[in-house]
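Undergrad: Start counting the sequence shown at 1; every next residue gets the next number (UniProt numbering).
Here a beta-carbon is modelled for each residue, glycine too, at the ideal position from N, C-alpha and C.
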Amino acid sequence: MLSKTEAVVLKAMKYRETSKIVTLYTRKFGKINVIAKGAMLTTSKFGASLEPMSYILAVLYKKETRELQFLSQADVIKPFLNLYSDYNKMTLGLSICELVYKLIKFEEGNQNIFKLLVDTLDKLNEVRKNEINLLWFFIIHLLEESGFKINFNSCVLCGEKFTEKNLAQKIFFVVDKGGFLCSKCGFDKGENSYSIATFKSLAWLERAKIESVTNLKIQSNINSEMQNLLSDYIKAHFDEPVNLKSLEIYYKLK
Ligand SMILES: [Zn+2]
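Structural data, given as structure tokens:
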């Protein structure tokens with residue numbers, strides 16, 4: 001069956017002499033692998049449309065029984081040029097694609113994840129400051145869509161709603177439960193403690209609209225804590241290890 005669908009290229013690998021195997025996250029079918037014959041040839045009709053982070057309209061021959069679909073056409077819908085010319089943006093954009101590539105199962109279409117992916121790459125392409133906030137925003141919402149929403153509202157042990165009064169300077173994150181402890185329940189638990197600034201920044205990012213996500217300036221030590229918290233959480237709930245190490249280069253450049 002010939003199908004047309006919007007898609008984002010997550011990964012592309014050379015296959016045999018002239019072809020490419022490309023992993024797409026599509027609006028209609030979720031994550032799929034396609035083969036693009038002749039894509040390595042300089043005269044290829046695919047041009048540069050099959051680079052990671054490309055936002056394309058894909059035409060494919062899809063068969064239910066086949067694991068690898070044939071890509072017959074790919075046209076760039078909107079080029080995210082800054083993601084390729086700005087090293088920081090490239091690092092973040094590739095991390096976003098890697099997260100979808102590793103954490104999302106094949107053939108499970110999810111319109112919300114598709115929209116989140118396109119909107120985040122689009123915004124990353126456009127912004128001029130605090131780009132890294134978009135990665136945290138993306139992870140928080142990807143986790144939510146995958147059934148692993150982090151609870152920023154109330155203590156995961158006693159259920160009390162968080163207020164200024166029951167939050168200490170250090171807050172304990174319970175990885176198994178995907179939430180935090182209030183100051184009464186989380187007394188003296190050194191490991192997995194995070195500063196209140198980290199908690200508040202994450203909670204802010206969860207509620208923020210994508211248009212305003214980069215308005216918040218986050219200190220680099222808070223960024224490191226958020227990276228640790230989210231990495232630990234992903235490691236505990238998904239089989240695939242996700243290495244956000246490429247971000248360390250990002251911090252060094254800042
Ligand atoms: Zn509590």
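Can you tell me which of E98, K63, K170, N221 puts its alpha carbon nearest to the alpha carbon of L24?
TA: Per the Cα distances, E98.
Undergrad: Enumerated in chain order, which unbroken segments of the beta strand (DSSP E) with a length of 3 residues or greater are wholly contained in the segment 55-100?
TA: Runs of the beta strand (DSSP E) inside the segment 55-100: 55-61, 68-76.
Undergrad: What first and last residue would you give for the alpha helix (DSSP H) that runs through S49?
TA: Element bounds for S49: n/a, residue is neither H nor E.
Undergrad: List in chain order the residues whose CB is within less than 6 Å of at least one heavy atom of ligand 3.
TA: This structure lacks ligand 3; its bound ligands are ligand 1.
Undergrad: Give me the Cα-Cα distance between K149 and S183, rounded to the nearest whole angstrom.
TA: When rounded, the distance between both Cα atoms is 22 Å.
Undergrad: Would you report the Cα separation of Y55 and K31, rounded to the nearest angstrom?
TA: Looking at the two C-alpha atoms, the distance is approximately 14 Å.
Undergrad: Quick check on G179: buried or exposed, where buried means 16 or more other Cβ atoms within 10 Å of its Cβ?
TA: G179 comes out buried.
Undergrad: Just to confirm the assignment, what range does the beta strand (DSSP E) spanning V34 have?
TA: Note, V34: beta strand (DSSP E), 30-36.
Undergrad: Give me whichever residues DSSP pairs with A236 in a beta bridge.
TA: In the DSSP output, where bridge partners are listed per residue, A236 has none listed.
Undergrad: Quick check on this structure: which residue in L134, K129, N33 has the alpha carbon closest to the alpha carbon of E108?
TA: Selected option, being the one with the closest Cα: N33.
Undergrad: What is the C-beta distance between E67 and F152, in whole angstroms, given that I count them as a contact (C-beta under 8 Å)?
TA: Not really, about 39 Å apart at Cβ, beyond 8 Å.
Undergrad: In chain order, what residues of the same chain lie with their CB nearer than 7 Å to the CB of K217, ignoring the 5 residues before and after it?
TA: For K217, where only same-chain residues beyond five positions count, the Cβ hits under 7 Å are N130.
Undergrad: How long is the line joining the alpha carbons of D119 and I210, rounded to whole angstroms?
TA: Computed Cα separation, rounded: 8 Å.
Undergrad: Excluding five sequence neighbours on each side, which residues of the same chain lie with their C-beta closer than 7 Å to the C-beta of L60?
TA: Cβ within range, chain order: S3, V34, Q69, F70, L71, S72.
Undergrad: Going by C-alpha to C-alpha distance, which of T26, R27, G38, T5 sits closest to M13?
TA: It is G38 whose Cα lies nearest to the Cα of M13.
Undergrad: When DSSP builds the beta bridges, which residues end up paired with T23?
TA: Answer by DSSP bridge pairing, in chain order: K11, N33.
Undergrad: Under the three-state reduction of DSSP, which class applies to N151: helix, strand or coil?
TA: Looking at N151 - three-state DSSP - the assignment turns out to be strand.
Undergrad: Just mark K177 as buried or exposed, buried being the case when its beta carbon has 16 or more other beta carbons within 10 Å.
TA: Flag for K177 reads exposed.
Undergrad: In its own chain, which residues sit with a C-beta less than 8 Å from the C-beta of K63, not counting the 5 before and 5 after it?
TA: Here the set comprises M1, Q69.
Undergrad: In angstroms, rounded to a whole number, what distance separates the CA positions of H237 and F172?
TA: H237 and F172: Cα-Cα distance of roughly 18 Å.
Undergrad: With DSSP run on the structure shown, which of helix, strand or coil describes A18?
TA: Going by the sequence as given, residue 18 is Thr instead of Ala. Coil at T18, not helix or strand.
Undergrad: Between which two residues does the alpha helix (DSSP H) carrying F199 extend?
TA: Per DSSP, F199 belongs to the alpha helix (DSSP H) from 196-207.
Undergrad: Ordered along the chain, which non-local residues of its own chain (more than five positions away) have a Cβ less than 7 Å from that of V102?
TA: The identity of residue 102 in the sequence shown is Lys, whereas the question assumes Val. Closer than 7 Å at the Cβ level, and outside the excluded window around K102, lie E240, V242.
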